[in-house]
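Numbering (UniProt numbering), first residue to last: 1 to 601.
In this text, a Cβ means the ideal position worked out from N, Cα and C, and glycines have one as well.
Small disclaimer: the values here were computed from a predicted structure and weren't measured.
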Amino acid sequence: MGRMADVKTNGHVVWDLTSPGSSDERTDYFSLGDSLPPFSLLTSDEEREKKAEAFSPGTYHVVMTPDSFSSLPEYADEEKPKSNPECRTSATNSPTITVKPDVREDPNVVILKTFEDVTRRSPSSGKIRISPTSEISDPFCNLSLSPNFTSLPSPDVKVEEMTFLNPRLDQQSQDSTIFSHFRHVVWRQLFPHDHRLDDSCGSDSHSHFMTLSMDFLEQEATRFPPLSHAMMAVSALSLSHSGTGHNVDALQYYQQAFPSLQVSLRNNDDLVSDGLFLTHFLLLIYEIAAAEPHGSNLWSHHISRLLHIAFLRRAKYGQEPHPFILWWVCHIDLYALFSGAGTGEFVRAVIDHQMLPGSECLLYPSAPEGCSVIYSDEHESLPVIMRLYHDTFRLAAQLGFLAARLRHDKQNLPFAEFDQRSQEVSDLRRAFGRLWESPDVAFLHQHQDNLPRRSREFMQQSATLYHVCQLFSYSSMWPGQRVESDFSPDGEIDHHATEILRLAERTTHTRRADRHFIVFPLFLAGATASASGLKMMAMELMTSMEDEEDGMGRNAATTRAILQIVYKRQLERLMHVGHTFDVDWSDLMAQEGLQMVNFGF
């Protein structure tokens, strides 16, 4: 009791053997349990529980031998033969174990067969488990603290010039490789900037304007160590999917971020710091990129933390210093809302509290105040198109919230009342029509092939979101929508699915930075299209994104796997009833435990 002097057991019916509740009146019950055979011979949990209750609580010993640690990397010796696993077993059920007779017969002594350190499994053996939630039950559990980075590894050598990792490289060399990959690959994926800026890793004359330059991230990571762990985790995950054939244990870096956060948050200034905001942003990216079918992850935890931090930062600064990051998180949360994986908590709060950044902050912040530079040849088109995207996004959020409400009402309201509420879908469709049929937008859309590159690409991104919303409104607002529709929506559905596939083909073939925005649209087009050719094309485009060598994670592969499950169920229904209209992909994902954020990382 030395370590727990404040713990009292007096009068406790279990731990105090002098307590009346633990003595005479239960003697018969205890003796019944004591008469049972040894534990190894018992066949039911009831018998085991009764047997256990026959003994008073006591002290138990766990004995670890050299064999217990032989499977760990730091104790492994390739020149020594592996220990016979049959020699490492419990003393209570192995009469052949070579220990002293009195220890072997003691039921309170267990000899540990093998020590499994789940957080340090070799990524090269078996299936790599990147997402942390199968290894840790709580993000703030008692992980061992890792040493903080005083500075990030040297980025002088480019990744393509290096010999990639092998198990014998020391930790410093591995960290240098991973950080170099972040600087030269990952940063450009997360913060794509226009080539005309000549922004060589944030070190040129424009870098003092670039609030999210690589130099800025490196400085913040040195000041706030959890950010360095988050950067390394995302980079290691990207490196493991880079097509080099080498595996990197990204999970170890991810797990180091949590205890580092606990010791780095010292005062109120840290709670509103860029370092904390960017750390949770990168950990959110990691969770989305590492997600697997049927796998749980902590993406909603990080998005909730980002919302809380955003409110604190607004109270302190008046507005978000990095509105580009807010837009990133809003995009992610919108597609989570559409897919049913989230409630749109972040988007709703940002819109309701007038925190949604302006359209001028949608592109990489290469100018002061988090805005993007607009070039002379873009003045007539890009501002209009960015406002179009901004307004389309707000309508898309309304559509997502309406769908969530209608899915709830479908189960709880009489048909007549539900039918009246469902008319709101038509109102939103008309709002989309008014926005996209305005003269300025119609002209730019008609002549988009002649627009400057950024204007053209942003118009295509805006059009993709528009067609996703229209397709969603005809097919996925509530279960059974297509069956209950007053008219056949197949024509509208296939039209919008075709447009999405056409836009996705342009995006994926040119390997553009905005291809992250294509994954959910491809999934929705494939899941809802009636024509088999459209379904096949959606799957092929998804596969092409999965095979990209510069992909950050497995999100496209996971989404493709879920789409295959939807196709399988649709085929089953087609064989049984002759149509697939009653297969609701959102309900199917919920039934199969497949809710995930479909965003292309």
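- For Thr464, the enclosing alpha helix (DSSP H) has its first and last residue at Arg453 to Ser475.
- Excluding the 5 residues flanking it on each side, Gln570 has same chain C-beta neighbours closer than 7 Å at Thr580 and Val583, in chain order.
- Here Val63 is bridged, per DSSP, to Ile111.
- Ser235 is a Cβ neighbour of Val186, given a cutoff of 8 Å.
- Burial is judged here by how many other beta carbons sit within 10 angstroms of a residue's own beta carbon; Ala291 has at least 16 and is buried.
- Secondary structure of Gln171 (DSSP, three-state): helix.
- Scanning its chain for C-beta atoms nearer than 7 Å, with the 5 sequence neighbours on each side dropped, one finds around Ser359 the residues Met386, Arg387, Tyr389 and His390, in chain order.
- For Phe418, the closest of Leu271, Phe432, Ala431 and Leu402 by C-alpha to C-alpha distance is Leu402.
- Residue burial is scored here from C-beta neighbours: Asn555 has at least 16 other C-beta atoms within 10 angstroms and is therefore classed as buried.
- Going by beta carbons, Leu522 and Gln460 fall outside the 8 Å limit.
- Annotated as distal: Pro439 and Glu378, with beta-carbon spacing of 8 Å or more.
- By the Cβ-count criterion, Asp269 is exposed, with fewer than 16 other Cβ atoms from all chains shown falling within 10 Å of its own Cβ.
- Here DSSP, grouped into helix, strand and coil, assigns Ser372 to coil.
- The DSSP assignment places complete alpha helix (DSSP H) segments of no fewer than 4 residues inside the stretch 337-418 at 345-352 and 382-412, in order along the chain.
- Non-local beta-carbon contacts of Leu563 in its own chain, meaning distances under 6 Å to residues more than five positions away in sequence, involve Phe523 and Gly526 in chain order.
- In chain order, Glu320 and Met355 place their CB closer than 7 Å to the CB of Arg314, counting only its own chain and leaving out the 5 sequence neighbours on each side.
- Rounded to whole angstroms, Val441 and Pro192 show a C-alpha spacing of 25 Å.
- Ser462 has its alpha-carbon roughly 10 Å from the corresponding atom of Arg456.
- With fewer than 16 other Cβ atoms inside 10 Å of its own Cβ, Lys568 counts as exposed.
- Between Pro226 and Thr279, the C-beta spacing is below 8 Å.
- Boundaries of the alpha helix (DSSP H) harbouring Glu287: Asp274 to Ala290, taken from the DSSP string.
- Under the criterion of beta carbons closer than 8 Å, Thr528 and Ile493 qualify as touching, at roughly 6 Å.
- Contact check for His181 and Ser238: beta-carbon distance about 6 Å, within the 8 Å limit, so the pair qualifies.
- Within the stretch 484-534, the alpha helix (DSSP H) runs of at least 4 residues that lie entirely inside it are, in chain order, 490-509 and 519-528.
- Between Glu47 and Leu36, the C-beta gap is smaller than 8 Å, which places the two residues in contact.
- Taking a cut-off of 8 Å on C-beta distances, the stretch 334-351 touches the stretch 292-307, as three or more cross pairs fall below it.
- Distance from the CA of Leu326 to the CA of Phe311, rounded to the nearest whole angstrom, comes to 11 Å.
- In terms of CA proximity to Leu382, Asn450 leads the group Arg183, Lys51 and Asn450.
- In this structure, the CA atom of Arg434 is about 57 Å from the CA atom of Ser173.
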